[in-house]
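I have placed the structure first, in the form of structure tokens, so that the comments after it can refer back to it.
4 protein chains.
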Amino acid sequence: MGHLTAPAGAATLARDYQRVRDHTEALAAALTPEDQCVQSMPDASPAKWHRAHTTWFFEEFVLCPCLPGYTVHNSQSRFLFNSYYESVGSRHPRPQRGLLTRPSSGEIAAYRAHVDNAMRRLLESGGNYERDVVVLGLQHEQQHQELLITDMLHAFSQNPLCPAVLPGWQDAPLHPAETQFIPQPGGMIEIGSAGEGFAFDNETPKHTLFLRPYRLADRLVTNREWLAFMQDGGYRTATLWMSDGWAIVQEQCWDAPLYWRGNASNWQQMGAGGLAPLEWDAPVRHISWYEADAFARWRGARLPTEAEWEAAASDARLQDLTGRVWQWTASPYVAYPGFRPVEGAVGEYNGKFMVNQMVLRGGSTATPAGHTRRSYRNFFHPDRRWQFSGVRLAQEA
Amino acid sequence: MGHLTAPAGAATLARDYQRVRDHTEALAAALTPEDQCVQSMPDASPAKWHRAHTTWFFEEFVLCPCLPGYTVHNSQSRFLFNSYYESVGSRHPRPQRGLLTRPSSGEIAAYRAHVDNAMRRLLESGGNYERDVVVLGLQHEQQHQELLITDMLHAFSQNPLCPAVLPGWQDAPLHPAETQFIPQPGGMIEIGSAGEGFAFDNETPKHTLFLRPYRLADRLVTNREWLAFMQDGGYRTATLWMSDGWAIVQEQCWDAPLYWRGNASNWQQMGAGGLAPLEWDAPVRHISWYEADAFARWRGARLPTEAEWEAAASDARLQDLTGRVWQWTASPYVAYPGFRPVEGAVGEYNGKFMVNQMVLRGGSTATPAGHTRRSYRNFFHPDRRWQFSGVRLAQEA
Amino acid sequence: MGHLTAPAGAATLARDYQRVRDHTEALAAALTPEDQCVQSMPDASPAKWHRAHTTWFFEEFVLCPCLPGYTVHNSQSRFLFNSYYESVGSRHPRPQRGLLTRPSSGEIAAYRAHVDNAMRRLLESGGNYERDVVVLGLQHEQQHQELLITDMLHAFSQNPLCPAVLPGWQDAPLHPAETQFIPQPGGMIEIGSAGEGFAFDNETPKHTLFLRPYRLADRLVTNREWLAFMQDGGYRTATLWMSDGWAIVQEQCWDAPLYWRGNASNWQQMGAGGLAPLEWDAPVRHISWYEADAFARWRGARLPTEAEWEAAASDARLQDLTGRVWQWTASPYVAYPGFRPVEGAVGEYNGKFMVNQMVLRGGSTATPAGHTRRSYRNFFHPDRRWQFSGVRLAQEA
Amino acid sequence: MGHLTAPAGAATLARDYQRVRDHTEALAAALTPEDQCVQSMPDASPAKWHRAHTTWFFEEFVLCPCLPGYTVHNSQSRFLFNSYYESVGSRHPRPQRGLLTRPSSGEIAAYRAHVDNAMRRLLESGGNYERDVVVLGLQHEQQHQELLITDMLHAFSQNPLCPAVLPGWQDAPLHPAETQFIPQPGGMIEIGSAGEGFAFDNETPKHTLFLRPYRLADRLVTNREWLAFMQDGGYRTATLWMSDGWAIVQEQCWDAPLYWRGNASNWQQMGAGGLAPLEWDAPVRHISWYEADAFARWRGARLPTEAEWEAAASDARLQDLTGRVWQWTASPYVAYPGFRPVEGAVGEYNGKFMVNQMVLRGGSTATPAGHTRRSYRNFFHPDRRWQFSGVRLAQEA
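Those protein sequence lines, which keep their order, are chains A, B, C and D.
The first sequence begins at 1 in my numbering and counts up by one.
The second sequence begins at 1 in my numbering and counts up by one.
The third sequence begins at 1 in my numbering and counts up by one.
The fourth sequence begins at 1 in my numbering and counts up by one.
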């Protein structure tokens with residue numbers, strides 16, 4: 001994992017560690033023990049599980065191999081809180097994570113404290129640990145912070161009481177002028193991580209490719225524009241859709257983004273702050289790739305490729321590249337030329353998901369501060385809607 | 001519901017009310033908030049939901065119609081905690097009860113207290129309420145006390161930590177001599193509720209039928225006998241099984257009762273007290289009707305009809321008619337001749353389930369004291385295994 | 001199978017054999033090779049398979065054990081054309097019968113001729129065969145004659161060309177006066193086969209039971225009456241339905257009998273003669289038990305038990321007891337008291353289906369002449385609709 | 001569709017038309033009417049349907065718009081034989097194509113003759129038709145010729161009689177020396193159709209991209225090599241597999257290519273010629289992308305991208321680029337930069353499938369002569385196995 005550049009010093013790393021770990025607990029603080037235990041679909045995990053799994057990551061990949069005399073908090077953690085590392089051994093089935101009423105949230109808090117104490121000892125000892133793996137663990141925990149929000153929102157969206165994952169959270173309007181499609185030159189460009197900071201292995205190696213000129217929308221698609229798509233029969237017009245997408249539209253009766261509630265005269269949206277009137281000038285979110293793609297076709301545009309997105313990402317004319325919604329791209333998630341997963345169990349981190357998923361770029365309102373970057377590749381199956389996923393359009397030059 | 005005979009006086013009723021309600025809370029006391037929220041399959045309900053639903057029953061069917069000035073605790077209870085009363089209106093979907101992380105267990109406790117206070121006022125006021133409905137509500141709550149145990153056991157059985165629903169609970173052996181098949185005369189007999197105490201409407205009307213002579217086993221089938229069935233290839237011999245049952249055996253790979261764990265050299269059983277070594281002389285339990293029926297065929301016997309069971313139920317030679325396991329019968333659950341459901345929403349209590357299910361008689365270790373009786377008809381689909389269900393055999397005369 | 005009474009002499013049996021076998025081929029003659037190969041759902045079988053399976057029955061249970069020197073027509077028949085006899089060995093999976101494009105219809109015709117020749121030799125030889133098994137084979141083939149029609153109709157109903165299974169077949173009206181509910185005395189009655197002719201083992205033993213007085217409708221429910229049920233919201237009123245039935249109504253969007261096509265202003269029905277205008281005064285057919293039961297409740301009546309039907313079956317005031325539609329009863333299909341399946345593989349004929357199904361009595365337009373009788377018990381799962389199933393109502397005395 | 005270059009003259013086109021159409025009928029000639037009607041899975045279509053659908057294509061897109069006075073053969077063809085053209089209107093559901101026992105094969109033959117007569121008139125008339133659409137229709141029919149074989153093979157593989165789709169067909173060995181990985185320079189290359197002959201729209205536009213140097217195997221992977229993968233536990237080693245693929249391996253119990261039968265001591269393969277001993281030196285086929293990808297990882301190699309395959313396709317050192325098996329690539333099937341579907345209904349031909357599928361390059365033993373080419377892009381979902389799909393490996397330079 002030599003492509004990772006760790007932060008400057010041990011003290012910085014210890015501070016980062018504390019800050020990231022604290023943020024997870026801050027997110028969980030607004031949730032009851034019951035909230036933290038629920039799993040509303042196989043794709044989602046309980047909040048409690050996110051808290052434990054991110055802790056297990058440090059125990060399994062840092063403390064056990066590197067801290068002499070470390071004793072695991074509970075011998076069953078490896079079985080209960082491994083997510084998908086086949087190399088590590090068998091594990092509790094993913095769709096049944098919600099059945100783990102025990103260990104309790106309180107016991108998970110104790111588990112976190114146990115590991116945090118040991119990690120502090122290790123980080124302060126100047127011991128012989130792999131800094132890259134610690135950094136990876138923190139980046140990993142930040143990913144789960146976003147998932148904790150999206151998974152909890154999915155569960156709360158099915159509760160008639162409409163609780164708030166982030167009490168007080170409110171949607172904010174863009175100030176949307178007419179969309180401008182900003183010309184981009186293309187040509188021989190480099191994409192991928194340049195190595196001046198942390199990057200996941202899937203952002204490497206940095207490599208050259210050739211792009212035709214293209215144009216990229218200066219802003220995100222809004223709810224108001226999405227409503228126009230709906231009113232124009234977007235969800236009922238087969239020719240706008242990929243064949244696989246159209247099958248799902250009909251099977252699941254999609255007729256609006258995932259968390260829209262109501263009807264033509266009164267639309268509301270379930271969000272992190274609970275149920276609220278739809279903010280028409282905010283970016284549309286919680287749409288699948290199929291919907292994003294159909295919308296683009298209806299609009300006489302297309303989705304950008306991930307390379308087009310990344311090549312333009314320092315163009316100051318482009319608004320909200322991050323911070324609001326992840327932006328679906330036209331690119332299937334595949335390995336970059338010359339990609340090699342790291343050795344060992346953490347090599348399972350990204351590579352084995354490189355089929356059937358589409359890349360999203362940017363970052364959302366739920367993404368922890370500082371977590372994302374220009375070369376960051378997020379990815380989900382094209383029918384998934386529970387993430388903070390939206391659209392930025394592109395056009396031919 | 002004139003066929004119900006209410007207890008002697010108002011004071012008795014108030015005492016019964018308190019006793020039944022307290023027992024529910026005592027069962028829940030050993031459970032964490034997370035435990036009480038989980039739903040491990042569509043057939044099961046969360047413990048918290050049982051506590052709330054039984055409370056809603058009194059609110060909906062007693063307090064709202066009968067207590068002047070009563071205000072409902074929360075206007076959403078009717079939607080959230082109605083089980084299946086179509087007459088009462090729409091309701092939260094059954095398979096999603098486990099998503100209701102809120103209201104919390106604490107809020108459910110407050111709901112129970114609110115209703116209990118009002119019920120005390122009503123019962124002590126000498127007001128104009130239907131005693132039969134109050135009694136029905138208590139019988140109903142007792143049924144849910146058993147379900148709370150069986151549903152929680154089902155959830156705990158899928159947790160690698162194997163928690164105990166009833167900490168300290170232990171299985172007890174029978175003292176099984178060779179099974180005796182006790183002759184019964186048959187003839188013109190009466191079955192059904194005689195009206196000297198509470199009965200559900202499905203136990204009525206009392207009616208006459210004609211039985212051939214038969215013989216009934218003096219004791220329950222034990223785990224030891226079940227093991228012999230297994231070792232003789234019972235689960236692999238198609239000709240022992242009903243056709244629908246054999247399909248399930250193969251599809252779900254049944255090869256032992258639901259909660260048996262381990263293998264030939266070391267069998268354990270998940271029970272109310274957690275995981276424990278199998279007690280060979282205890283009654284087999286957590287078997288489906290299909291298994292009970294196949295076992296009987298293997299044994300050269302058959303299951304008794306429910307009429308045969310009831311006709312013999314005062315024979316002192318028959319051991320453990322109640323208190324250990326419900327006993328599957330050969331009888332599909334249908335209406336007795338002349339059956340009429342009671343008027344109104346509580347008429348949905350039993351009648352609409354009178355197809356596709358099989359009758360069980362007796363009562364189990366999880367059945368509240370005093371709840372069952374000779375004419376009591378329990379019923380489940382023939383593939384269900386999560387109840388405390390076992391076998392008593394019968395033979396031709 | 002000593003309870004079967006075979007026809008008088010060998011010559012009669014040989015004539016019966018020829019007549020039944022010819023009728024099967026006559027039914028198939030209107031079908032193309034493609035028609036005979038199709039399987040439109042797992043419950044149905046291809047016409048070609050019916051022709052072969054009934055032939056295999058004679059080969060397996062008569063010729064192989066009884067005709068010295070008989071050689072099987074094709075060693076794979078046992079695998080391909082065994083329906084469900086576990087004792088006979090493994091077999092082609094039922095849902096994949098439609099994949100057997102070969103052997104062709106022509107080869108099946110040759111198989112039938114081979115077996116018929118051998119059967120003639122046997123029947124004329126005065127050889128040592130079990131007459132009861134031959135008679136059972138013929139009764140069995142008659143059952144498959146009805147299934148051939150119902151299965152083919154199900155396939156044709158999904159073809160936009162609406163072909164006719166029985167070209168020229170037309171529905172005929174009843175001459176329905178106001179329904180009369182004819183009083184029946186009940187009391188100690190005997191039901192089951194009296195032994196003066198062929199009967200399946202499930203009709204035995206003849207036994208005594210006690211019936212309360214009741215009343216039975218003198219005629220069948222008509223399409224016109226069914227339309228009134230529909231127009232009164234029958235398919236949208238939960239309280240009319242069994243709980244399991246209501247779940248299916250919603251899941252499968254039932255709003256009319258299976259083969260009704262069109263809408264309020266123009267109803268047609270797919271029938272054996274193809275698509276035709278609905279005959280309002282003909283008996284309603286192709287309804288499930290759930291629908292029959294809900295209709296009866298809506299009408300302030302109930303379904304008769306099978307014992308009530310049989311006890312009244314010689315009452316000349318009751319019209320169309322047979323010849324139009326099978327009549328759903330309130331009785332689950334269970335063994336009669338003292339029932340014993342016959343020894344050997346043919347003992348699997350009926351017994352292993354005695355759970356989860358409901359009894360129908362009578363006989364339909366598709367039932368071969370002379371096949372049914374007063375004690376005849378037909379049975380299907382309560383959600384099945386592709387048989388010629390209808391309703392006769394009953395009421396309390 | 002201006003990018004298509006039609007053959008030189010009208011006479012050539014008429015000859016091509018006759019030749020392609022005759023080949024379809026030649027393939028069907030070995031099949032019985034029943035064979036031609038069967039549909040063994042939703043992905044497959046009946047042979048009869050392939051014959052009719054390719055005919056409907058000419059009727060819908062050529063004859064109706066271009067031949068004055070043409071009368072459609074049957075007004076229902078548009079409903080019955082439209083495959084997926086949403087613009088053309090509603091159509092018979094794909095999974096139910098096997099239910100269309102009528103029209104018969106004979107009627108389909110008449111339909112073909114009717115259309116062929118009209119097409120001859122049109123092609124000889126010098127009329128005003130779009131040559132490109134006729135050519136597209138012929139290319140389309142050739143694609144269905146391959147599908148007819150693969151679909152029929154899938155059906156026959158489930159028939160215990162193992163019939164032959166192409167009687168007499170035999171697998172042939174490669175003469176496999178040790179695999180050589182042939183170096184390729186990469187650099188700025190052009191891929192896509194150069195426009196000197198027919199190409200589908202998905203092969204356009206021709207465009208430039210940048211490739212790193214790489215190496216491509218000179219030959220296909222053989223059954224013998226595949227067996228080594230199996231014997232080394234390939235199907236049981238999670239870390240070799242994509243996550244989605246590993247889930248399917250377990251769920252569907254994959255342990256060998258689709259049509260392998262038998263076991264370690266005696267492997268056979270179901271092929272176009274029926275069941276035959278496995279030819280160890282023939283290319284492995286009927287494997288999914290997941291299997292191809294896992295095999296490559298096990299072998300210390302990878303799949304080539306489609307650009308790598310195309311860039312090397314004129315390297316004479318590479319054997320069997322076409323004619324044996326389609327070769328899975330590492331490339332998801334997406335639009336080329338600047339891709340625009342043609343206007344009108346035929347624009348649905350390719351574009352709407354550009355998600356969730358993986359590209360295959362080359363051509364198989366079932367591909368009609370002259371149909372494929374260097375720029376040809378075949379595509380299937382990564383779990384599909386019923387095509388003649390195999391593997392050519394690649395490695396980094």
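Don't be surprised by glycine CBs; every beta carbon is placed ideally from N, CA and C.
> According to the neighbour-count rule (16 or more other Cβ atoms, all chains shown, within 10 Å of its Cβ), is C:Gly37 buried or exposed?
Replying inline: Position 37 of the third sequence holds residue 37 of chain C. Position check: residue 37 of chain C holds Cys in this sequence, whereas Gly was assumed. C:Cys37 should be labelled buried.
> For C:Arg91, which residues from the same chain have a beta carbon less than 7 angstroms from its beta carbon, with the 5 sequence-adjacent residues on both sides left out?
Replying inline: For the purposes of this step, residue 91 of chain C is taken as residue 91 along the third sequence, with counting starting at 1. So the list reads Phe79, Asn82, once near-sequence residues are dropped.
> Can you find at least 3 beta carbon pairs, one from the segment 57-69 of chain C and one from the segment 121-128 of chain C, that sit closer than 8 angstroms?
Replying inline: yes
> Do D:Trp241 and D:Ala194 have their CB atoms nearer than 8 angstroms?
Replying inline: Mapped onto the fourth sequence, residue 241 of chain D falls at position 241. Mapped onto the fourth sequence, residue 194 of chain D falls at position 194. No. Outside cutoff.
>> Any beta carbon of chain B sitting closer than 8 angstroms to that of A:His381?
In response: Mapped onto the first sequence, residue 381 of chain A falls at position 381. Chain B, which has no Cβ nearer than 8 angstroms to the Cβ of A:His381, makes this no.
> Given a limit of 9 angstroms on CB to CB distance, which residues of the segment 260-282 of chain C reach chain D?
Replying inline: none
> Relative to the alpha-carbon of D:Gly274, which residue among D:Ala316, D:Ala155, D:Ala113 has its alpha-carbon at the smallest distance?
Replying inline: Within the fourth sequence, numbered from 1, the residue matching residue 274 of chain D stands at position 274. Taking only the C-alpha atoms, the option nearest D:Gly274 is D:Ala155.
> Nearest to D:Arg324 by alpha carbon, out of D:Ile182, D:Leu174, D:Asn356?
Replying inline: Stepping through the fourth sequence from its first residue, residue 324 of chain D is reached at position 324. Selected option, being the one with the closest Cα: D:Leu174.
>> Rounded to the nearest angstrom, what separates B:Ile189 and C:Ala29 at their Cα positions?
In response: Here the question's residue 189 of chain B lines up with position 189 in the second sequence. Here the question's residue 29 of chain C lines up with position 29 in the third sequence. Cα to Cα, B:Ile189 sits roughly 56 angstroms from C:Ala29.
>> Comparing C-alpha positions only, which one of D:Gly233, D:Ser331, D:Ala26, D:Asn202 sits nearest to D:Gly338?
In response: Translated into positions along the fourth sequence, residue 338 of chain D becomes position 338. Nearest option by C-alpha distance: D:Asn202.
>> Taking the straight line between their C-alpha atoms, what separation do you get for D:Thr5 and D:Ser389?
In response: Walking along the fourth sequence from the start, residue 5 of chain D turns up at place 5. Walking along the fourth sequence from the start, residue 389 of chain D turns up at place 389. Low confidence applies to D:Thr5: its pLDDT is 37, below 50, so where it sits in the model is not reliable enough to give any reading.
> In chain B, which residues lie with their C-beta within 9 angstroms of the C-beta of A:Leu148?
Replying inline: On the first sequence, residue 148 of chain A is found 148 positions in, with the first residue counted as 1. Result: empty, since nearest Cβ-Cβ is about 14 angstroms, beyond 9 angstroms.
>> Just to make sure I have the definition right: I need the residues of chain D whose C-beta is within less than 9 angstroms of the C-beta of A:Leu209. Which are they?
In response: As a working note, residue 209 of chain A is residue 209 in the first sequence. What A:Leu209 touches in chain D: Leu209, Phe210.
> Does DSSP put C:Met230 in a helix, in a strand, or in coil?
Replying inline: Residue 230 of chain C sits at position 230 when you count from the first residue of the third sequence. Helix at C:Met230.
> Between D:His140 and D:Ala10, what straight-line distance do the alpha-carbon atoms span, to the nearest angstrom?
Replying inline: Numbered from 1 along the fourth sequence, position 140 holds the residue referred to as residue 140 of chain D. Numbered from 1 along the fourth sequence, position 10 holds the residue referred to as residue 10 of chain D. Rounded to the nearest angstrom, the two C-alpha atoms are 19 angstroms apart.
>> Extract the residue ranges of the beta strand (DSSP E) inside the segment 286-354 of chain B, only unbroken runs of 3 or more that lie entirely within it.
In response: 326-332
>> For chain A, check one thing: does any of its Cβ atoms lie closer than 8 angstroms to the Cβ of B:Gln158?
In response: Locating residue 158 of chain B in the second sequence gives position 158, where the first residue counts as 1. So, interface residue.
> Got a sec? Which residues, its chain only, sit under 6 angstroms from C:Thr12 by beta carbon, not counting five neighbours each side?
Replying inline: In the third sequence, the residue the question calls residue 12 of chain C occupies position 12. So no residue of the chain qualifies.
> For C:Val355, which residues in chain B fall below 7 angstroms Cβ to Cβ?
Replying inline: By one-based count along the third sequence, residue 355 of chain C stands at place 355. Near C:Val355 (Cβ distances below 7 angstroms), the residues of chain B are Met242, Asp244, Pro382.
> A:Leu161: which of B:Gln158, B:Gly300, B:Ala110, B:Gln76 sits nearest, CA to CA?
Replying inline: The residue labelled residue 161 of chain A in the question sits at position 161 within the first sequence. For A:Leu161, the nearest C-alpha among the options comes from B:Gln76.
> How big is the Cα-Cα spacing for C:Ser243 and B:Asn356?
Replying inline: Taking the first residue of the third sequence as position 1, residue 243 of chain C is located at position 243. Taking the first residue of the second sequence as position 1, residue 356 of chain B is located at position 356. Cα-Cα distance, rounded: 10 angstroms.
> With 16 as the cutoff for other CB atoms within 10 Å, does A:Asp315 come out buried or exposed?
Replying inline: Residue numbering aside, residue 315 of chain A sits at position 315 when the first sequence is read from its first letter. Classification of A:Asp315: exposed, given that the 10 Å Cβ count is below 16.
> Helix, strand or coil: which one does DSSP assign to D:Met119?
Replying inline: The count along the fourth sequence starts at 1 and reaches residue 119 of chain D at position 119. D:Met119 falls in the helix class under three-state DSSP.
> Do D:Tyr235 and D:Val221 have their CB atoms nearer than 8 angstroms?
Replying inline: Within the fourth sequence, numbered from 1, the residue matching residue 235 of chain D stands at position 235. Within the fourth sequence, numbered from 1, the residue matching residue 221 of chain D stands at position 221. Contact flag unset, no.
> DSSP on D:Asn202, reduced to helix/strand/coil?
Replying inline: The residue given as residue 202 of chain D occupies position 202 in the fourth sequence. Reduced to three states, the DSSP call for D:Asn202 is helix.
> Once you ignore the five residues that flank D:Arg285 on each side, which residues in its own chain have a CB closer than 6 angstroms to its CB?
Replying inline: For the purposes of this step, residue 285 of chain D is taken as residue 285 along the fourth sequence, with counting starting at 1. These residues qualify, in order along the chain: Val325, Phe388, Gly390.
> If you count every other CB in all the chains shown that lies within 10 Å of the CB of C:Gly218, and 16 or more means buried, which is it?
Replying inline: Residue mapping note: residue 218 of chain C aligns to position 218 of the third sequence, counting from 1. Looking at the sequence shown, residue 218 of chain C is not Gly but Asp. Answer is buried; the Cβ neighbour count reaches 16.
> Where does C:Met152 sit, in a helix, a strand or coil, going by DSSP?
Replying inline: The residue given as residue 152 of chain C occupies position 152 in the third sequence. If DSSP states are grouped into helix, strand and coil, C:Met152 belongs with the helices.
> Which residues in chain C sit within 9 angstroms of D:Leu303, going by Cβ to Cβ distance?
Replying inline: Taking the fourth sequence and counting its residues from 1, the one referred to as residue 303 of chain D is at position 303. Simply none; closest approach about 33 angstroms.
>> Is there a Cβ of chain B sitting closer than 8 angstroms to that of A:Gln252, yes or no?
In response: Locating residue 252 of chain A in the first sequence gives position 252, counting from the first residue. Chain B contact via Cβ: absent.
> For the beta strand (DSSP E) that B:Ala394 lies in, which residues bound it at each end?
Replying inline: Taking the first residue of the second sequence as 1, we reach residue 394 of chain B at position 394. From DSSP, the beta strand (DSSP E) with B:Ala394 extends over 394-396.
> In the structure shown, what three-state DSSP assignment does A:Glu190 receive?
Replying inline: Counting from 1 along the first sequence, the entry for residue 190 of chain A is found at position 190. A:Glu190: strand per DSSP, three-state reduction.
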